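As they're listed, the protein sequences go chains E and A. Going by my numbering, the first sequence opens with residue 1416, and the numbers climb by one from there. Going by my numbering, the second sequence opens with residue 1416, and the numbers climb by one from there.
There are 2 protein chains.
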Amino acid sequence: MVDINENFLSLGKSYLFQRIAEKKTAFLQKHPEADLLDLGIGDTTLAPPKVAIEALIRAGNQMLDSPIGYGPSTGYLFLKEAICNEYYKPLVSSSLSKTTSYAPSSDEVFISDGAKSDTALLENLFAKESKICVCDPVYPVYVDSNALAGRLDPGYENAIYAQCTEENGFTPKPPSSAKEPVADIIYLCSPHNPTGIAFSYEALKKWVDYALEHKSVIIFDAAYSAFVTDPSIPKSIYEVENAEKVAIECGSFSKGASFTGLRCAWCVIPQSVIRSGKSLNALWNQYKSITSNGVSYPIQKAAEALFTPEGKCAIEENAKSYMASAQKLHSGLKNLNWKVFEKPSAPYVWCKSPVPLSSWELFDLLLEKAHIIATPGSGFGKSGEGYIRFSAFAKPSAIDKALVRLSQLYQEA
Amino acid sequence: MVDINENFLSLGKSYLFQRIAEKKTAFLQKHPEADLLDLGIGDTTLAPPKVAIEALIRAGNQMLDSPIGYGPSTGYLFLKEAICNEYYKPLVSSSLSKTTSYAPSSDEVFISDGAKSDTALLENLFAKESKICVCDPVYPVYVDSNALAGRLDPGYENAIYAQCTEENGFTPKPPSSAKEPVADIIYLCSPHNPTGIAFSYEALKKWVDYALEHKSVIIFDAAYSAFVTDPSIPKSIYEVENAEKVAIECGSFSKGASFTGLRCAWCVIPQSVIRSGKSLNALWNQYKSITSNGVSYPIQKAAEALFTPEGKCAIEENAKSYMASAQKLHSGLKNLNWKVFEKPSAPYVWCKSPVPLSSWELFDLLLEKAHIIATPGSGFGKSGEGYIRFSAFAKPSAIDKALVRLSQLYQEA
Chain E
1416 MVDINENFLS LGKSYLFQRI AEKKTAFLQK HPEADLLDLG IGDTTLAPPK
1466 VAIEALIRAG NQMLDSPIGY GPSTGYLFLK EAICNEYYKP LVSSSLSKTT
1516 SYAPSSDEVF ISDGAKSDTA LLENLFAKES KICVCDPVYP VYVDSNALAG
1566 RLDPGYENAI YAQCTEENGF TPKPPSSAKE PVADIIYLCS PHNPTGIAFS
1616 YEALKKWVDY ALEHKSVIIF DAAYSAFVTD PSIPKSIYEV ENAEKVAIEC
1666 GSFSKGASFT GLRCAWCVIP QSVIRSGKSL NALWNQYKSI TSNGVSYPIQ
1716 KAAEALFTPE GKCAIEENAK SYMASAQKLH SGLKNLNWKV FEKPSAPYVW
1766 CKSPVPLSSW ELFDLLLEKA HIIATPGSGF GKSGEGYIRF SAFAKPSAID
1816 KALVRLSQLY QEA
Chain A
1416 MVDINENFLS LGKSYLFQRI AEKKTAFLQK HPEADLLDLG IGDTTLAPPK
1466 VAIEALIRAG NQMLDSPIGY GPSTGYLFLK EAICNEYYKP LVSSSLSKTT
1516 SYAPSSDEVF ISDGAKSDTA LLENLFAKES KICVCDPVYP VYVDSNALAG
1566 RLDPGYENAI YAQCTEENGF TPKPPSSAKE PVADIIYLCS PHNPTGIAFS
1616 YEALKKWVDY ALEHKSVIIF DAAYSAFVTD PSIPKSIYEV ENAEKVAIEC
1666 GSFSKGASFT GLRCAWCVIP QSVIRSGKSL NALWNQYKSI TSNGVSYPIQ
1716 KAAEALFTPE GKCAIEENAK SYMASAQKLH SGLKNLNWKV FEKPSAPYVW
1766 CKSPVPLSSW ELFDLLLEKA HIIATPGSGF GKSGEGYIRF SAFAKPSAID
1816 KALVRLSQLY QEA
């Protein structure tokens, strides 16, 4: 008789976005005519760059003329080299710590179908006993994947939480070495989901130094790096000196290049991240060769085209457009006496309503009264209670409408 | 300090096809002019059906006009319904056990990027203590993924092996209930990789009955179902009565539709597979929602097009072509006094050379003397020792050339 993996029983009740989807469906059944504004999930609303779709189409036609079979399980060299040469090298040369920044080589880059898969599956590299540390609030995938691996109890109480609070500007410091257990696997996301706020170079350096001291590994989720324009904010953790000894970086084409429906991402595991005498890079190579036959060839060709001048320009324009919406939402909410914080570095606005409410109360109020979907802050962790996240990936017209409705909501409240 | 997942230390030295690739590279460095014939890995050499590429291109253009964001993590309904209506329903209506065959519904179908990923990751559903049973020889992914999960010791000795031998026609019976421990998770592949030989309805029924009796779960890898033409051989395990209570089926577009480079597959988990009081279908839904954002939209549209009359016809033509090569290779080897067995049901020929050699000796001989790549039987398990697998997915011209060279090899030997 086979039993189930009992770690499933430790999982939270339902995945946050599933619960939102259920509430949305129920609302639409009751109000089929409602003009619902979805500022919930961070899904892109602009098209992928034309040059990427053209490359996809070319690759498709090429497959008809001359069949392409299995690709490498860790991705094609052409895409790995584009990421190294066109993304990391320019970043390093313009980086704040010019002499120490690390530019990965192509054998350190792994192509995947999403930063979600990578951040969820990378835990497979580590011992089951490892202590995990996450920010609170946090993208639920980091904790749920570790719960499935047996590292968390049913309430997830035994993770180390680095609280993102108004007091620390939502960029927490590493755990105190004296008072807290050692964090073995540290998940950081910058710009941060859900707050939209990024780690400064100095704030991130504290985490790298902590990981160096404690031989921890940082899984750095850089899915929102395309939106960073402030030169004092690192886009890559490898801009911080010695990060290549402790950090795995997950990058993505989803948000910057509107690839959410196309599915392509990468992670970097430097050869110099050695634990238990083994190279994590080599272990991940083994893991990928057992569990994957790589990413679709036309999709990798589409991703490669993002590194052409036309592709880069399109990403920049898309990012500007989303960030303009974020800025408008941020100012608009401020004017309506919502509590907003520092300027976001990603298209999310993290805020509190003028009337104190729990996150799900606020979610329900927004849905019922303003027909707006947002994401309850408490769904991202205890410290998110009372907050809500608006996604500025929505269409500009939806942002405008939402602000009008929110101004009326406030008058009613 | 973080340690690695020590299960990596249990893994076999290197993944079979990686080792072959290394030997191939070394050979080509020594003999850059050699006309190497690759009858090794089962990679398709025909193009995907034109109708699929046309759908891919249409989907790409559609994404430019009206952005498609995240898809469902378990796949789009349009593809799930095509699989249910166009694949399973006709199968059931023409099945051997007409009254009992099971046609899955769309909520039982999960779209993925490959049967490799599915067969490797499905073990996450089960308790770590589960005993696994595999055929020997076997596709290495089943055992390697379980070794990574901590279910196998370094020599993989503690799996239950169902030996595929000449005596049992390479279709073994389930373990003896009296003499062997209970097999909790059973991996079956039919037509079988590497032997190319399929389970008959009766042979498969014995396994389903065993699983029913012992509350085991069968993971049935049907990646080669497109090549089955003999009506006495089931394409799907759900043609066997009550299989929907014990079996997960992994299907794939890779081999039949030459999708190896496009990446799309599915698995079926019937709602009626309940273990420890939980529906495995619901658990896999949770697993997918945590670890994946689904398969690329244009790829799912390409897969959907395979169910049009044009797509079905193309798959049939491709399958005929590969099977004609397999038949030619099978007869040719027989004429050259190689030991071949019953007619294969997939484009693989499993055989022994006229001169007794170990599998790797035979591999090296074929590479050095005939410039042919084949796959050593022992790489698939102990019972594969002495055998070699030729893949008939190679181009027909390569099959012809290989037979000429093999006839000369034999004369020399």
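Using N, Cα and C, we set each Cβ at its ideal position, and we do this for glycine too. Bear in mind the structure is a predicted one, so any value in this text is a computation, not a measurement.
Rounded separation between A/Ile-1526 and E/Pro-1771 - CA only: 43 Å
Nearest residue (CA-CA) to A/His-1446, options A/Ala-1720, A/Ile-1730, A/Ala-1785: A/Ala-1785
Straight-line Cα distance separating A/Cys-1682 from A/Phe-1674: 16 Å
Identity of the residue in A/Gly-1427, A/Lys-1670, A/Lys-1504, A/Arg-1690 nearest E/Tyr-1419 by Cα: Going by the sequence as given, residue 1419 of chain E is Ile instead of Tyr. Here the closest residue by C-alpha is A/Arg-1690.
A/Cys-1766 - containing beta strand (DSSP E), residue span: 1763 to 1767
Touch test, the segment 1494 to 1501 of chain A against the segment 1581 to 1593 of chain A, Cβ-Cβ under 8 Å, three pairs minimum: no
Residue range of the unbroken beta strand (DSSP E) whose run includes A/Leu-1627: A/Leu-1627 -> not in any beta strand (DSSP E); alpha helix (DSSP H) instead, spanning 1616 to 1629.
Strand pairing of E/Pro-1356, partner residues [DSSP]: Residue numbering for chain E in the displayed model covers 1416 to 1828; residue 1356 of chain E lies beyond these limits and cannot be assessed.
C-beta contact flag for E/Tyr-1639 and E/Thr-1459 at 9 Å: no
CB contact below 9 Å: A/Gln-1834 versus chain E: Outside the shown range of chain A (1416 to 1828) lies residue 1834 of chain A, about which nothing can therefore be said.
Whole-number beta carbon distance between E/Ala-1680 and E/Ala-1530, since they are thought to touch under 8 Å: 5 Å
Any C-beta of chain A under 9 Å from that of E/Met-1478: yes
Helix, strand or coil at A/Arg-1566 according to DSSP, with G and I counted as helix: coil
Terminal residues of the beta strand (DSSP E) in which E/Trp-1681 lies: 1680 to 1683
Same chain, Cβ closer than 7 Å to E/Asp-1450, five either side skipped, listed in chain order: His-1786
C-beta neighbour in chain E for A/Leu-1603, strict 9 Å: no
A/Lys-1465 burial status per 10 Å Cβ neighbour count (16 or more: buried): exposed
Chain-ordered chain E contacts of A/Tyr-1503 [CB-CB under 8 Å]: Correct list: empty, because the minimum Cβ distance to chain E is about 24 Å.
9 Å Cβ cutoff, A/Pro-1811 in contact with chain E: no
C-beta atoms of A/Leu-1677 and A/Val-1688 nearer than 9 Å: no
Helix, strand or coil at E/Cys-1579 [DSSP, three-state]: coil
Closest Cα partner of A/Cys-1665 within the set A/Val-1507, A/Leu-1536, A/Lys-1439, A/Phe-1541: A/Leu-1536
Exposure of A/Met-1416, with buried meaning 16 or more beta-carbon neighbours within 10 Å: exposed
Members of the segment 1536 to 1561 of chain E near chain A, C-beta cut-off 9 Å: Leu-1536, Glu-1538, Asn-1539, Leu-1540, Phe-1541, Ala-1542, Lys-1543, Glu-1544, Ser-1545, Lys-1546, Pro-1555, Val-1556, Asp-1559, Ser-1560
E/Asn-1476, DSSP secondary structure in three states: helix
Whole-angstrom distance between E/Lys-1749 and E/Ser-1822, CA atom to CA atom: 11 Å
Short CB-CB distance (under 9 Å) between A/Ala-1828 and chain E: For A/Ala-1828, the predicted structure reports a pLDDT of 47, less than 50, and the residue's modelled location is therefore unreliable. The matter cannot be settled from this model.
Chain-order list of residues whose beta-carbon lies under 8 Å from that of A/Asp-1568 (same chain, five-residue window excluded): Ser-1425
CA nearest to the CA of A/Glu-1448, picked from A/Phe-1668, A/Thr-1440, A/Gly-1455: A/Thr-1440
Contacts of A/Ala-1462 in chain E (Cβ-Cβ under 7 Å): Met-1478, Leu-1479, Pro-1482
For A/Leu-1603, the residue or residues it bridges with in DSSP: A/Phe-1635
Within-9 Å CB hit, A/Gln-1686 to chain E: no
For A/Ser-1793 and A/Pro-1609, the rounded distance between their alpha carbons: 11 Å
Bridge-paired residues (DSSP) for E/Ala-1662: E/Ile-1633
Nearest-angstrom Cβ-Cβ length linking E/Glu-1617 and E/Thr-1515, presumed shorter than 8 Å: Actually they are not in contact, since the Cβ atoms of E/Glu-1617 and E/Thr-1515 sit about 14 Å apart, beyond 8 Å.
Contact under 9 Å by Cβ, E/Pro-1555 with E/Leu-1454: no
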